[in-house]
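Asks: The following block contains the structure, expressed as structure tokens.
Protein chains: 2
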Amino acid sequence: MKTKLNKRDAQTLKRLKELADEVVAAADRRRDPYVDVPTRSLSNVKYNKSKRFIEMGRNTNRRQLFNLSQARSYMQTMLVASGATQLIEQGKTTSIRGLYYLLKHTIEDAKEETFEDQSECDPVIEDVEVLLNSLREELHLYAQKRGDMVGELLLEDSGDEIDCARMGSGGYGIPSIVEPEVIQFKKCSAKFVLHVEKDTVWQRFNEDKFWRKHHCILTHGMGQPPRGVRRMLHRLHHELNLPVYCLLDNDPWGYYIYSVIKQGSINLAFESQRMAIPDAKFLGLRSKDFKECGLSDSVKINLNDTDRKRARQIANYPWFLHKKPWQKEIHQLLENGFKLEVEALVSKDLSYVTEHYTPQRLKAKDWLD
Amino acid sequence: MKTKLNKRDAQTLKRLKELADEVVAAADRRRDPYVDVPTRSLSNVKYNKSKRFIEMGRNTNRRQLFNLSQARSYMQTMLVASGATQLIEQGKTTSIRGLYYLLKHTIEDAKEETFEDQSECDPVIEDVEVLLNSLREELHLYAQKRGDMVGELLLEDSGDEIDCARMGSGGYGIPSIVEPEVIQFKKCSAKFVLHVEKDTVWQRFNEDKFWRKHHCILTHGMGQPPRGVRRMLHRLHHELNLPVYCLLDNDPWGYYIYSVIKQGSINLAFESQRMAIPDAKFLGLRSKDFKECGLSDSVKINLNDTDRKRARQIANYPWFLHKKPWQKEIHQLLENGFKLEVEALVSKDLSYVTEHYTPQRLKAKDWLD
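The listed protein sequences correspond, in order, to chains Z and P.
Using the numbering used here, the letters of the first sequence map in sequence onto residues 1 to 369.
Using the numbering used here, the letters of the second sequence map in sequence onto residues 1001 to 1369.
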């Protein structure tokens, strides 16, 4: 066991021990051990208007050891909790795949496996997260790592000083776990964060040294940003008071990425508190841009049925439903009948997006909220 | 136009101009302009036993302007060449998606588009690469960016000094274009490169500071490594004389990743010369590891029909066909009837792979070649 735990680890470990103590206490009192796991379903998710993000309701599901239909998931819950305990005590982290392998074994005197496959383990990890009110990262579990960062920020990562303004063309690879125990912000002269959807667009902005000229931090998440990137944006926004502007494609997928950054994801509503950025702005691309930027028909990509269906769903999200500009935006997308990628701006000029589009929109404060 | 071109750009530009000059010359002589594009098909690809990588044969396809069935692809070839010229002259790079948008337009006096979609543009880019004997990166085009690097290497990227030994938990994001004009190696005390398949495994090795203890460079490519990572490995191997060891899953996909790193890809055989690393070693996982590491049945993943088919195909690759250890390896995989992921070693211990498996195999020189 690691000799000294940091404060956060000590706290998480305390919660894990309390969970274990409850089992022992129940056994001592000859009661049926159980856990009440907050319900992770759409019915138990609501949009909190004052906090402006998605959060979980108060419903819970009881999971009892001595109940034939619940015993397996009770066992799995305890197993994941014991795995997290082991990780924290050893001062190590692992992927959800790693945890699965760590915990998977044939149960003694039975031919049953603790987990059949990864898909049986993942929801239990989420159960333990909500049960302990701990982010996955606090349980020492990491998600896939992708996305890079450059810009006017000096940070410390595991004792190494990293100057994001001197990261060349490659950039600093955003880690999966960016909690304050790992990453500390040291100095920041950036005025905002520009988050772009794709690595290819990020490269254009980095090559044009947009972040230097406009004093910002530049991130991407290779599509839907992974947890590490979302948490990094959250910290940059809340701790350094940096506005976050999102440059995404003009399609339902772009809207959805924005929605997750802003309000949190429906599946993982319990993490919104430390992930969601209600003040994040949608800088573009917008449905009006085809006309406004004078683009040619060649760059249009026709909407398909899935696009149309998704667009209508997103228009009905409670945080978009009562916002006229968003209704107009999505309505116009459907009326246009086509979508636009950020890369389409290349048809104007290679650096149109960095030299004209983005600076103009920022200056005019022309974004969706 | 950029005032001063670097040597490589000047060379590529010269080739592009020669191509254009040929068109003009043909027109002046009232001849039919054409290009002879080296054939990029399996029939024109062969394994060069002395160079030990896949290379293209001498077959070419003629593409004529005044031939109804070839005029379109002739036009597209010239268009891509002109796009690359524009990029080099402006000193800018773009993604293949960006180039597509740059070149896509409705042909004057016709309703035809220069390219219907990306899939019509991509093969033409490859045509121009082989036609000019220039890597895509030399045409200022970049592929997707993914993969990270840490280790005992100091490099310069676009004027920024990057110490890969001080990159925290995030690492240096390997750029798409790592040509010597962008990246220069400054100082290296690493003795070898360990390339792992997945970001999650990379994180384990980085967290355990394996590269510091064993004096190496640690890379991953998030599955099949993108061109930037392959080219980086190639340069580390050939310029710094570092052996490259690959730690991949024990399945046909792992074999295939190794095969591409080692011999090049069949689709893009012309780039092998500057991408392939014939001396790269396959460190594991191996089919013998289930027994040798004493793994439990729980970590087995059954082979499916596709796996079996792919395994047999790979066993017949000319560079594996006459190697007994490889035949034995693949035969045993099929006999086992299951595959193994690197993460399966977690079932032994979280750091089994970094503290036991990899050091032991390196020490014993127990790898496949």
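Note that beta-carbon positions come from the ideal geometry of N, C-alpha and C, so glycine has one too.
Rounded to whole angstroms, what is the Cα-Cα separation between G1098 (chain P) and S158 (chain Z)?
Replies: Using only the alpha carbons, I get a separation of about 37 Å.
Asks: Going by DSSP in three states, M1001 (chain P) sits in which element: helix, strand or coil?
Replies: A caution first: M1001 (chain P) carries a pLDDT of 46, below 50, which makes its placement in the model unreliable, though a value can still be read off. Of the three classes helix, strand and coil, the one that applies to M1001 (chain P) here is coil, per DSSP.
Asks: Which residues, in chain order, does the segment 1264–1298 of chain P contribute to contact with chain Z at a C-beta distance below 8 Å?
Replies: The residues in question are S1296, D1297, S1298.
Asks: Counting only C-beta atoms, is K104 (chain Z) closer than 8 Å to chain P at any point?
Replies: Judged by the 8 Å Cβ criterion, K104 (chain Z) is in contact with chain P.
Asks: So what's Y47 (chain Z) in DSSP terms, helix, strand or just coil?
Replies: Reduced to three states, the DSSP call for Y47 (chain Z) is strand.
Asks: Please classify I1217 (chain P) as buried or exposed, where buried requires at least 16 other C-beta atoms within 10 Å of its C-beta.
Replies: Buried is the call here.
Asks: Reducing DSSP to helix, strand and coil, say where H1105 (chain P) ends up.
Replies: The answer is coil: DSSP assigns H1105 (chain P) none of H, G, I, E or B.
Asks: Have a look at N44 (chain Z) and G264 (chain Z) and give me their C-alpha separation to the nearest angstrom.
Replies: For N44 (chain Z) and G264 (chain Z), the distance between alpha carbons rounds to 14 Å.
Asks: Contact between the segment 73–84 of chain Z and the segment 303–315 of chain Z is defined here as three or more beta-carbon pairs at a separation below 8 Å; is this criterion met?
Replies: Verdict: no, contact absent.
Asks: Under 9 Å between beta-carbons, which chain Z residues line up against L1340 (chain P)? List them in chain order, please.
Replies: Those within 9 Å of L1340 (chain P) in chain Z number zero; the least Cβ separation is about 10 Å.
Asks: For my contact list, V1128 (chain P) and Y1074 (chain P) are in at a C-beta cut-off of 8 Å; report their separation, rounded to the angstrom.
Replies: About 12 Å separates the two Cβ atoms, so there is no contact after all.
Asks: Could you check which residue in Z:E197, Z:S69, Z:R212 has the C-alpha nearest to that of V342 (chain Z)?
Replies: It is Z:E197.
Asks: Mind checking whether P1033 (chain P) and T1060 (chain P) have CB atoms under 8 Å apart?
Replies: Cβ distance not < 8 Å, so P1033 (chain P) and T1060 (chain P) don't count as in contact.
Asks: Considering only their Cβ atoms, is the gap separating Y172 (chain Z) from I183 (chain Z) smaller than 8 Å?
Replies: Taking 8 Å as the Cβ cut-off, I183 (chain Z) and Y172 (chain Z) do not qualify as a contacting pair.
Asks: Restricting to Cα atoms, I'd like to know which of Z:Y47, Z:L132, Z:K46 is closest to E18 (chain Z).
Replies: Cα-wise, what sits closest to E18 (chain Z) is Z:L132.
Asks: Is there a Cβ of chain Z sitting closer than 8 Å to that of Q1144 (chain P), yes or no?
Replies: Chain Z contact via Cβ: present.
Asks: Taking Cβ positions only, does M167 (chain Z) come closer than 8 Å to chain P?
Replies: Answer yes: the Cβ-Cβ gap between M167 (chain Z) and chain P drops below 8 Å somewhere.
Asks: D1157 (chain P) touches chain Z at which residues, Cβ-Cβ below 8 Å?
Replies: The contacting residues are M167, G168, S169, G170.
Asks: Please report the straight-line C-alpha distance between D1109 (chain P) and D297 (chain Z), rounded to a whole angstrom.
Replies: Cα-Cα distance, rounded: 15 Å.
Asks: What first and last residue would you give for the beta strand (DSSP E) that runs through H1195 (chain P)?
Replies: Where H1195 (chain P) is concerned, the enclosing beta strand (DSSP E) stretches over 1192–1196.
Asks: Looking at C-alpha atoms only, which residue of Z:F205, Z:E152, Z:K46 is the closest neighbour of K187 (chain Z)?
Replies: When each option's Cα is compared against that of K187 (chain Z), the closest is Z:E152.
Asks: For a cutoff of 8 Å on Cβ pairs, would you count D1199 (chain P) as touching chain Z?
Replies: D1199 (chain P) counts as touching chain Z.
Asks: Starting from Y1101 (chain P), find everything on chain Z with Cβ-Cβ shorter than 7 Å and list it in chain order.
Replies: Chain Z residues near Y1101 (chain P): V299, E343, A344, V346, S347.
Asks: Would you call the segment 1284–1296 of chain P in contact with the segment 1329–1349 of chain P, where contact means no fewer than 3 C-beta pairs closer than 8 Å?
Replies: Yes: at least three Cβ pairs fall under 8 Å.
Asks: Just curious, the beta strand (DSSP E) that Y1245 (chain P) is in, first and last residue?
Replies: Per DSSP, Y1245 (chain P) belongs to the beta strand (DSSP E) from 1244–1247.
Asks: Go to N1250 (chain P), then tell me how far its alpha helix (DSSP H) extends in each direction, as first and last residue.
Replies: Looking at the DSSP string, N1250 (chain P) is not in any alpha helix (DSSP H), and its letter there is neither H nor E.
Asks: Decide if A1027 (chain P) is buried, meaning its Cβ has at least 16 other Cβ atoms within 10 Å, or exposed.
Replies: By the neighbour-count rule (16 or more Cβ atoms within 10 Å), A1027 (chain P) is not buried but exposed.
Asks: Can you tell which of P:Y1255, P:I1107, P:K1145 has the C-alpha that lies nearest to the C-alpha of G1228 (chain P)?
Replies: Per the Cα distances, P:K1145.
Asks: Per DSSP, G151 (chain Z) forms a beta bridge with which residues?
Replies: According to DSSP, G151 (chain Z) bridges with Z:I217.
Asks: Comparing alpha-carbon positions, which option in Z:L65, Z:D117, Z:I301, Z:E292 lies nearest K348 (chain Z)?
Replies: For the residues Z:L65, Z:D117, Z:I301, Z:E292, the minimum Cα distance to K348 (chain Z) belongs to Z:E292.
Asks: For S351 (chain Z), is the classification buried or exposed, using 16 other Cβ atoms within 10 angstroms of its Cβ as the cut-off for buried?
Replies: S351 (chain Z) should be labelled buried.
Asks: Thinking C-beta only, is P123 (chain Z) closer than 8 Å to H214 (chain Z)?
Replies: It is not a contact, given that the beta carbons lie outside the stated cut-off.
Asks: With 16 other CB atoms within 10 Å as the buried threshold, where does K1014 (chain P) fall?
Replies: Label assigned to K1014 (chain P): exposed.
Asks: When you compare the CB of D1122 (chain P) with every CB in chain Z, is at least one pair closer than 8 Å?
Replies: So, not an interface residue.
Asks: Using alpha carbons as the reference points, say which of P:S1272, P:A1010, P:Q1332 lies closest to R1230 (chain P).
Replies: For R1230 (chain P), the nearest C-alpha among the options comes from P:S1272.
Asks: Could you check the C-alpha separation between T1012 (chain P) and E1089 (chain P) for me, to the nearest Å?
Replies: For T1012 (chain P) and E1089 (chain P), the distance between alpha carbons rounds to 11 Å.
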